[in-house]
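Structure record follows, encoded as structure tokens.
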Amino acid sequence: MIWGYASPWYGEFCTQDEDRLYARLKFLAAHELRCTGEPIRTVADMADSERDRLGQFLADHDLQLNPQIGFNYVDSDPDTARRRTDEIVDDLRKYLPLVRGRIVQTSARAGHRFDRQMPLEKKLDRLSSALAPLAAACRELGTPLGIENHGDYYCSDLVTLCERTPYLGFFLDTGNTYLLGEKPIPAFEAAAPYTIGTHFKDHRVCPKLEARPLHFEVAGSPLGEGDVPLRACYDLLLAQAPNPDALVMEIEMIRPDDMDATTCLERSLNFIRSLPEVQP
2 MIWGYASPWY GEFCTQDEDR LYARLKFLAA HELRCTGEPI RTVADMADSE RDRLGQFLAD
62 HDLQLNPQIG FNYVDSDPDT ARRRTDEIVD DLRKYLPLVR GRIVQTSARA GHRFDRQMPL
122 EKKLDRLSSA LAPLAAACRE LGTPLGIENH GDYYCSDLVT LCERTPYLGF FLDTGNTYLL
182 GEKPIPAFEA AAPYTIGTHF KDHRVCPKLE ARPLHFEVAG SPLGEGDVPL RACYDLLLAQ
242 APNPDALVME IEMIRPDDMD ATTCLERSLN FIRSLPEVQP
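Right, dumping it as structure tokens:
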């Protein structure tokens, strides 16, 4: 299991270097965290000397960048999808050793399950067709591909996608279940057997019955102090994830309005350290 930090990158967290990427990496090292996500194109677009410097820094500090990939999986025509897939796989083959990533992250990039632009089943079919060659290539490279529940689809929708798509895993955002009105524990139970990584995030939630239009308020929280059942989720992942020892656990922390980011981080890390068999 490897622990890292995903976002948001508050200003207080990015003071150690003028270059934002290196500021983030130095933040990770300072807090004994080891990974974060980064678009693979960021690395591909660097000059050779920049890539060499980045690779050396990551190796020297035992840090990893987990590549983020994606394109419009649903609406791209077959030729465009093949071209984009080939470009992504080429980038991964070239740069995965340098960034030392353990997994590859993506999201559906296909509206949301309620948008009525296309029947859900048709969207899942198109997503499966587009993701299958990427998932197979990532498996060949030893870095499984995981799709995130990005506040767009139910976990059960993406579990169906994983069932249809060989080698596709789940990247579980623990807080995003509330964005769609999912009950978190059933969502976690469905996702756990496919989960290869997480955005480990908490929220405080409140229905706003007096508001118009009606809505469900989802606010920030230090990890372990909100309404997401993170301990239960962690236990499920240890028991049911396909490879618990290899789980990538990226903290995603949204501070409450009445708390500074540094305090929120300290309280979140204290919660993480209270989990069994975890030493971030």
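Residues in the sequence shown are numbered consecutively from 2, following this note's numbering.
Even glycine gets a Cβ: it sits at the ideal position worked out from N, Cα and C.
Being a predicted model, the structure only gives us computed values, none of them experimental.
Counting beta carbon pairs with one atom in the segment 192-204 and one in the segment 243-254, are three or more of them shorter than 8 Å? Under the three-pair Cβ rule at 8 Å, the segment 243-254 counts as touching the segment 192-204.
A45 in three-state terms, based on DSSP: DSSP places A45 in helix when its eight states are reduced to three.
Opposite N73 in the DSSP bridges: which residues? None; N73 has no bridge partner.
For T263, is the classification buried or exposed, using 16 other Cβ atoms within 10 angstroms of its Cβ as the cut-off for buried? With fewer than 16 other Cβ atoms within 10 Å, it is exposed.
Suppose the cutoff is 7 Å on Cβ atoms and the five residues either side in sequence are ignored; what does the same chain contact list for A7 look like? Setting aside the 5 residues that flank it on each side, A7 is surrounded in the same chain by T37, G38, H200, E251, I252 and E253, each with a C-beta closer than 7 Å to its C-beta; the list follows chain order.
Can you have a look at I148 and say buried or exposed, based on whether 16 or more other CB atoms are within 10 angstroms of its CB? I148 is buried by the Cβ-count criterion.
Please report the Cβ distance between I3 and R103, rounded to the nearest whole angstrom; I am assuming they are in contact, meaning their Cβ atoms lie under 8 Å. Confirmed, about 6 Å.
Using DSSP with H/G/I as helix, E/B as strand and the rest coil, what is D145? A quick correction: the sequence has Pro, not Asp, at residue 145. The answer is coil: DSSP assigns P145 none of H, G, I, E or B.
Please identify the residue among Y168, M119 and R117 whose C-alpha is closest to the C-alpha of E141. Minimum Cα distance to E141 is reached at Y168.
Just list the residues that DSSP pairs D174 with in beta bridges. Checking the DSSP bridge columns, you'll see D174 partnered with H200.
How about D76: is its C-beta nearer than 9 Å to some C-beta of chain B? No chain B is present in this structure, which holds just one protein chain.
How close, in whole Å, do the beta carbons of G71 and T43 come, if the pair is a contact with beta carbons under 8 Å? G71 to T43, Cβ: 13 Å. No contact.
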